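To start, the structure itself, in structure tokens.
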Amino acid sequence: MVSYFFAIVVGIITGIITSLIGASGVMVVVPALTMLFHVNTHAAIGTSLFVDVIASLTVSYNYFKNGNVDLRAGAWIAVSSIAGAQLGAMFASQINEGSLSSLFGIFLLISGIMMLSRSSKKEGGTEKEAEKRALRFKKRWQQIVLAVIVGISIGIISGIFGAGGGVMILLALIIIMSYPLHKAIGTSTLIMSMTALSSTIGYAVRGNINLILGCFLAIGAVAGGTVGSFYANKVNEKTLQKIVSAVFICLGGMMTLLEVI
């Protein structure tokens with residue numbers, strides 16, 4: 000019973016992280032499941048993806064109510080990421096337990112460094128400021144092709160490591176599709192739910208989901224995502240990003256060292 004309580008707490012943290020910075024909860028869920036609940040890495044990643052679906056849908060719905068979801072321009076990233084997620088899930092099943100755990104630790108480190116770097120940059124949230132940061136395309140098809148390539152890449156990473164790709168989708172929407180920050184967060188969480196669902200199916204087919212723990216984690220994720228979304232505009236995003244990225248780097252370092260040692 001105590002373990003299920005901790006699962007709910009981990010879920011709450013996951014929902015809050017997703018709602019405030021648009022990041023996948025994989026960086027909290029997988030280390031928690033492997034180190035605290037002794038779930039094997041494949042099942043931990045599959046369970047994390049299942050929780051990602053619930054958390055992302057909850058968060059994106061709350062952003063949608065505030066008019067901060069626009070899937071039209073980001074549809075190419077959404078569709079291609081779903082296809083890429085199936086490829087990633089297939090690749091993951093071919094990787095042994097130790098290698099996958101080490102790769103995930105490295106993935107955590109890189110993601111934490113990327114988030115830390117992003118939090119140190121000055122990024123505005125208006126449409127005009129988003130357009131200044133966006134890439135310039137001479138033809139519409141060039142933007143579409145790049146969006147598809149980015150989407151497939153995000154999907155593959157999602158399938159292998161159990162990450163919904165929230166931060167990468169967020170950056171793609173801002174840089175490629177010229178989204179303002181709040182709309183980018185709301186839309187990226189919706190796309191993340193689709194990508195995570197595709198990967199979840201891939202892991203479920205291979206029997207790599209702990210459904211009982213996943214349901215308790217999901218309960219916490221819904222609660223954390225709802226509260227976090229409500230206060231999203233009142234929290235200092237950059238400060239939070241720095242704290243969370245530091246946690247990710249520490250967790251990634253711990254997982255990598257445990258496998259090396």
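Numbering (numbering that gives the first Met the number 0), first residue to last: 0 to 260.
Yeah, the Cβ is synthetic: ideal placement off N, Cα and C, and Gly gets one too.
These figures come from a predicted structure and were not determined experimentally.
- Assigned with DSSP and collapsed to three states, Ile94 falls in coil, not helix or strand.
- In its chain, beyond the 5 residues on either side, Leu32, Thr46, Asn209 and Leu212 have a beta carbon closer than 8 Å to the beta carbon of Val38.
- At least 8 Å separates the beta-carbon of Thr199 from that of Ile105.
- Ser116 and Phe160 have their C-alpha atoms roughly 21 Å apart.
- Three or more Cβ pairs closer than 8 Å define a contact, and the segment 72-85 falls short of that threshold against the segment 210-229.
- If you draw a straight line from the Cα of Thr40 to the Cα of Phe90, it comes to about 14 Å.
- For the pair Leu145 and Ile173, the CB atoms are not nearer than the 8 Å cut-off.
- Distance from Thr186 to Gly73 at the Cβ level is roughly 5 Å; contact confirmed, criterion being Cβ atoms closer than 8 Å.
- Apart from the 5 residues on each side of it in sequence, Ile190 sits with its Cβ closer than 7 Å to the Cβ of Gly73, Ile76, Ala77, Ser80 and Ile168 in its chain, given in chain order.
- In terms of Cβ geometry, Ala171 and Gly10 do not form a close pair [threshold 8 Å].
- Tyr230 and Ala6 have their alpha carbons spaced roughly 23 Å apart.
- Ranked by Cα distance from Ala183, the options Asp69, Phe136 and Ala43 are led by Asp69.
- For Gly87 and Ala195, the gap between their C-alpha atoms comes out near 11 Å.
- Secondary structure at Ile143: helix, using DSSP grouped into helix, strand and coil.
- When the beta-carbon positions are compared, Thr17 and Ser55 come within less than 8 Å of each other.
- In this structure, Ala84 keeps its C-beta atom at 8 Å or more from the C-beta atom of Gly165.
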